[in-house]
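Asks: The structure that follows is given in the form of structure tokens.
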Amino acid sequence: MAMPISASAEQSGNERRHRAICATKATTDEQRHHRRNHRQSCSLLLDSSDVDKIVGRRLGTAEFRVSSWSLDMLGETNGFLGQYYTLSVTMEDGGSLRFFAKTPPPTTSPQYDFLVRHNTFNKEIDVYGEIIPEMGVGSGEKWLPDYYLGKNDRIIVLEDAVDSGYAMLDKYEAYGKGHWLLLARVIATLHSRSLILDERLRRGTGRTLFEVYGHLLEEVAFVESEPLAGKYLSSCVKGAWAMVDMNERLGGREAAAIKDWIGEWVPRLPELVVSSDRWRNVMCHRDLWSNNIMFKMDGEGKPVGCYLVDFQFLRYSPPAYDFETALILTTTRATRREFRDLFLDVYYDTVRKELSDEGLVADDCFPREEFVKSCEEARTMALAYAVANMQVMLLSKQAVEEYFVGSTDKLEHYVYGDRRPDLIESECRATDMYRTRIMEVIEEIGEYIASKGGK
């Protein structure tokens, strides 16, 4: 027999149903609102005419019709200075295309002010849209993704390198010989194309590459007059000192010497990274670490292709700056000891070939002996750069979210302030490879000091 429902029970049931209906309606309304906001946001970044341009440049023809497109944010926080998207395009003939897109970080991001102050987002658009077409990419291995569209302060659209088979390695994973042989050739190609353009400008107009494109090649990360750069480097010193103190393999005297070296050279990075009066300067990437390098593997896991990405810190510097910093940031000491000379040979042979293909003689405009000497001179800069920046580069995804996306206060105290040692100790406890990779650099600084007679 069915039990009669009391008035109070009936009222309670009605309330529950009403709340459920309201909750469902609220969820539906929220979803509609989210979709509407997403569409509005996408329309501010791209419109259908932009998509037609992108597809036309990709296909090399105007004979196509786009059926639909969507711009979807990637779920991971990979960029310190941007947000990443996939642009998916469906064609009326049933085909589909995918592109990679990046936008500035949200205005609420702690990094947004840096990007606006130094105009780094628009600088990258000019690099892709102006400098690279002018200097060419060479006839060898492809070394960067194709560029399709750039809209100042809004969006950059590139080849989807992942769709083309490229991927970043785990940033805690050091590169082996095979990876670096490819990387050496790719870095050499970038530098060679810059040299070729510089020679063409000098001979044709009497102006240098820097005189023409200097507004895109100025230092932005370590500017001596920037108070924020000084605060960052001071925080880096404190973090590095904390790691020296954690290294039980170092004797007291050696640890003190390393801390003295760090205290002297890390704050001097702004003067160490300036263009050289002694060595030939070229267009350097200046941010060559695992998050800005992508590899393509064959079926057996062997690297067969390499892309450089993210050209926001491009700088007019000696080629050795890129070579030495990339080597320290991406390899182990054992790899550097065993293969450094081989990598240097491969780099210079690539430069020689690229210049020769354009009718230039490498020994005339970029002698090997000078490159070798400049690499040795650049080691001080590279070691200081690595021990400072790897503290931030190798932060866990959770830490990046917390300090670079979330809290401005935390960024101020832990990245630019006195709390860096706390951050370092936390990361060392959480991630063994964080500790291992940076400790290697600290121990190499000790070896470097000893090789220089304790200086």
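Note that the UniProt record's numbering numbers the sequence shown so that position 45 is 45, with each residue one more than the last. C-beta atoms are modelled at their ideal positions from N, C-alpha and C, and glycine is treated no differently.
#1: Would DSSP call M294 helix, strand or coil?
#2: So, under 8 angstroms CB-CB, I262 and V372 are touching, yes? Tell me the CB distance rounded to an integer number of Å.
#3: From V392, G453, S276, I445, pick the residue whose C-alpha is nearest to that of S426; which is it?
#4: Since P303 sits in a beta bridge, which residues does DSSP pair it with?
#5: Do three or more CB pairs link the segment 336–346 to the segment 231–248 at distances below 8 angstroms?
#6: With which residues is Q83 paired in a DSSP beta bridge?
#7: Which value, in whole angstroms, describes the spacing of the CA atoms of G239 and G140?
#8: Using only the alpha-carbon positions, how far apart do V220 and A326 sit?
#9: Please go through the segment 196–284 and give each complete alpha helix (DSSP H) segment of 4 or more residues, from N-terminal end onward.
#10: Please list, in chain order, all residues of the same chain as I196 whose beta carbon is under 8 angstroms from its beta carbon, the five residues on each side excluded.
#11: In the structure shown, what three-state DSSP assignment does S88 receive?
#12: What first and last residue would you give for the beta strand (DSSP E) that runs through D72?
#13: Per DSSP, what kind of secondary structure is S451 in: helix, strand or coil?
#14: What does the alpha-carbon distance come out to for the pair E226 and G94?
#15: Name the DSSP beta bridge partners of S96, please?
#16: Would you report the Cα separation of M283 and N119, rounded to the nearest angstrom?
#17: Leaving aside the five residues before and after Y232 along the sequence, list all residues of the same chain whose C-beta is less than 6 angstroms from its C-beta, in chain order.
#18: So for K171, helix, strand or coil by DSSP?
#19: Let me confirm a value: H215 is counted as buried when at least 16 other C-beta atoms fall within 10 Å, else exposed. Which label applies?
#20: Using DSSP with H/G/I as helix, E/B as strand and the rest coil, what is L360?
#21: When we look at the beta-carbon of K177 and count the other beta-carbons within 10 Å, is it buried (16 or more) or exposed?
#22: To the nearest angstrom, how far is it from the Cα of F103 to the Cα of D113?
#23: Would DSSP call K142 helix, strand or coil?
#24: Confirm, please, whether the CB-CB distance from Y166 to Y307 is below 8 angstroms.
#25: Counting C-beta neighbours from all protein chains within 10 Å, is the total for S67 16 or more, i.e. buried, or is it exposed?
#26: Alpha carbons only, please: which of N292, G60, N152 is nearest the one belonging to L44?
#27: What first and last residue would you give for the beta strand (DSSP E) that runs through I155?
#28: Between S290 and the rest of its own chain, which residues show a CB-CB distance below 7 angstroms, the 5 nearest in sequence each way excluded?
Replies: Short version:
#1: Looking up residue 294 in the sequence shown gives position 294. The answer is strand: DSSP assigns M294 an E or B state.
#2: Within the sequence shown, the letter at position 262 stands for residue 262. Within the sequence shown, the letter at position 372 stands for residue 372. Actually they are not in contact, since the Cβ atoms of I262 and V372 sit about 26 angstroms apart, beyond 8 angstroms.
#3: As a working mapping, residue 426 is identified with position 426 in the sequence shown. Residue V392 is the option with its Cα nearest to S426.
#4: Along the sequence shown, read from residue 1 onward, the residue named residue 303 stands at position 303. P303 pairs with M297.
#5: Below 8 angstroms, too few C-beta pairs join the segment 336–346 and the segment 231–248 to call them touching: fewer than three.
#6: Position 83 of the sequence shown, counted from the first residue, corresponds to residue 83. T103.
#7: To locate residue 239, count along the sequence shown from 1; it is residue 239. To locate residue 140, count along the sequence shown from 1; it is residue 140. In this structure, the alpha-carbon of G239 lies about 42 angstroms from that of G140.
#8: Position 220 of the sequence shown holds residue 220. Position 326 of the sequence shown holds residue 326. Put simply, the backbone Cα of V220 is about 19 angstroms away from that of A326.
#9: 209–213, 227–246, 252–265, 269–272, all fully within the segment 196–284.
#10: The residue you call residue 196 lines up with position 196 of the sequence shown. Excluding sequence neighbours, I196 sits near M135, G136, E354, L355, E358, L360.
#11: If you number the sequence shown from 1, residue 88 lands on position 88. The DSSP-derived three-state label of S88 is strand.
#12: Along the sequence shown, one-based indexing puts residue 72 at 72. From DSSP, the beta strand (DSSP E) with D72 extends over 66–73.
#13: Taking the sequence shown and counting its residues from 1, one reaches residue 451 at position 451. Of the three classes helix, strand and coil, the one that applies to S451 here is helix, per DSSP.
#14: Here the question's residue 226 lines up with position 226 in the sequence shown. Here the question's residue 94 lines up with position 94 in the sequence shown. Those two C-alpha atoms are separated by around 53 angstroms.
#15: Taking the first residue of the sequence shown as 1, we reach residue 96 at position 96. According to DSSP, S96 bridges with T90.
#16: In the sequence shown, counting from the first residue as 1, residue 283 sits at position 283. In the sequence shown, counting from the first residue as 1, residue 119 sits at position 119. If you take the alpha carbons of M283 and N119, they lie about 18 angstroms apart.
#17: As a working note, residue 232 is residue 232 in the sequence shown. Here the set comprises Y416.
#18: Position 171 of the sequence shown, counting from 1, holds the residue named residue 171. If DSSP states are grouped into helix, strand and coil, K171 belongs with coil.
#19: Locating residue 215 in the sequence shown gives position 215, counting from the first residue. Per the 10 Å Cβ criterion, exposed.
#20: If you number the sequence shown from 1, residue 360 lands on position 360. In this structure, L360 counts as coil in the three-state DSSP scheme.
#21: Counted from its first residue, the sequence shown places residue 177 at position 177. Exposed: under 16 other Cβ atoms inside 10 Å.
#22: By one-based count along the sequence shown, residue 103 stands at place 103. By one-based count along the sequence shown, residue 113 stands at place 113. It should be noted that the sequence gives Thr, not Phe, for residue 103. Whole-angstrom Cα-Cα distance: 14 angstroms.
#23: The residue you call residue 142 lines up with position 142 of the sequence shown. K142 falls in the coil class under three-state DSSP.
#24: Taking the first residue of the sequence shown as position 1, residue 307 is located at position 307. Taking the first residue of the sequence shown as position 1, residue 166 is located at position 166. The answer is yes: Cβ separation under 8 angstroms.
#25: Numbered from 1 along the sequence shown, position 67 holds the residue referred to as residue 67. With fewer than 16 Cβ atoms within 10 Å of its Cβ, S67 is classed as exposed.
#26: Within the sequence shown, numbered from 1, the residue matching residue 44 stands at position 44. It is N152.
#27: Within the sequence shown, numbered from 1, the residue matching residue 155 stands at position 155. Start and end: 155–159.
#28: As a working mapping, residue 290 is identified with position 290 in the sequence shown. For S290, where only same-chain residues beyond five positions count, the Cβ hits under 7 angstroms are M168, L169, K171, T330.
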